[in-house]
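Have a look at the structure below, then the notes.
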Amino acid sequence: MKIASFNINGIKARLPRLKEWLSETRPSVACLQEIKTQDEGFPASEFEEIGYHAAWHGQKSFNGVAILTDGEAPQDVSKGLPGDQEDEQARFIECTYRGVRVVNLYLPNGNPHPGPKFDYKLAWMERLRARMQELLASEQPAVVVGDFNVIPHDRDVWSVCAMANDALMQPESRDAYFRLLGDGWTDAIDTLNPRGGVWTFWDYQAGAWQRDHGFRIDHLLLSPETADRLAAAGVDKEYRGREKASDHAPVWVELRS
DNA sequence: ATGCCAACATACTGTTGA
Numbered sequence: 001m002k003i004a005s006f007n008i009n010g011i012k013a014r015l016p017r018l019k020e021w022l023s024e025t026r027p028s029v030a031c032l033q034e035i036k037t038q039d040e041g042f043p044a045s046e047f048e049e050i051g052y053h054a055a056w057h058g059q060k061s062f063n064g065v066a067i068l069t070d071g072e073a074p075q076d077v078s079k080g081l082p083g084d085q086e087d088e089q090a091r092f093i094e095c096t097y098r099g100v101r102v103v104n105l106y107l108p109n110g111n112p113h114p115g116p117k118f119d120y121k122l123a124w125m126e127r128l129r130a131r132m133q134e135l136l137a138s139e140q141p142a143v144v145v146g147d148f149n150v151i152p153h154d155r156d157v158w159s160v161c162a163m164a165n166d167a168l169m170q171p172e173s174r175d176a177y178f179r180l181l182g183d184g185w186t187d188a189i190d191t192l193n194p195r196g197g198v199w200t201f202w203d204y205q206a207g208a209w210q211r212d213h214g215f216r217i218d219h220l221l222l223s224p225e226t227a228d229r230l231a232a233a234g235v236d237k238e239y240r241g242r243e244k245a246s247d248h249a250p251v252w253v254e255l256r257s
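Counting from 1, one number per residue, gives the positions in the first sequence under full-length UniProt numbering.
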């Protein structure tokens, strides 16, 4: 089973590229972030045409997440991160697919740092930790994937200096990420690339793609039950170089059945 | 110190992103 995550930066603007990627790489589950559309605008029929079912949690203009599943519908869909009734932002959706609990998230960016957006990011990460601890306690096979907006290590960024003041690599952001891992989750791409140098995002600006000025913020976290099944993980880097590309590349993990 | 680029909503400019 191949589970992928792709921050597509607008599902309407990206639809041809997205369908192309789905057809060419055929993930069992595709977790999408930044669909940037309300629920009514989600193009579900476009995915049905190529054999994917969908569950989505939309929002006007910003945020928005969706899960596409190959061949069968996502089960027991849950929308929104628990822990704050006031939080209206569409950044979290879960489902079950062939016995695996799949969590798809778009973690707050947190810039500028410091400030209320950074505070929101850290509070969101603590709520996420609570939900992930519940998943561990359930002992159900689980994966938590998405755009975490955290650069975990210095080896995950082209220039530590250039990004030093960014919310993505503040010590508080990293500490919160490592608290998640410390509870028992495995970062699939890091585990298979311990020397780093793997990027999932390249800015549209300043020729970042052409200069390979990227960093790794899209992550695939595996529970102990799914970590035992880890066969491979990677980045579909080539898609970042195509016409009308997202600024993120897709990431994926292959689990043995 | 700021814009660079891109998408979206609104309305021809502003907000957000990372």
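Positions of the beta carbon are idealized from the N, C-alpha and C atoms, including for glycine. Since the model is a prediction, treat every value here as computed from it, not as a measurement.
Report the CB separation of Ile8 from Leu32 in whole angstroms; it is logged as a contact under 8 Å.
5 Å
_Among Asp175, Arg98 and Leu15, nearest to Asp70 - alpha-carbon criterion_ = Arg98
- prompt: How far does the beta strand (DSSP E) with Ala233 in it reach, from first residue to last?
  reply: Leu230 to Val235
Practice item. State buried or exposed for Arg179, treating a residue as buried only when at least 16 other CB atoms are found within 10 Å of its CB. Key: exposed
Is Ser173 helix, strand or coil when you go by DSSP? helix
message = Per the DSSP calculation, Ile93 is bridged to which residue(s)?
response = Lys79 and Asn104
ask   = Going by C-alpha distance, which of Gly146, Arg195 and Thr37 is nearest Val29?
value = Gly146
### Task
Could you check how far apart the C-beta atoms of Gly58 and Ala13 are, in whole angstroms? I think they sit under 8 Å.
About 15 Å separates the two Cβ atoms, so there is no contact after all.
(Q) Using CA atoms only, rank isn't needed, just tell me which of Val150, Ser257 and Asp247 is closest to Asp220. (A) Before going further, note that residue 220 is Leu rather than Asp in the sequence given. The shortest C-alpha separation from Leu220 is found at Val150.
Task: Proximity to Gly214 [Cα-Cα], best of Glu24, Leu22, Ala162 and Arg101 - done: Ala162
Worksheet item: Alpha carbon to alpha carbon, what distance is there between Gln85 and Arg240?
Response: 36 Å
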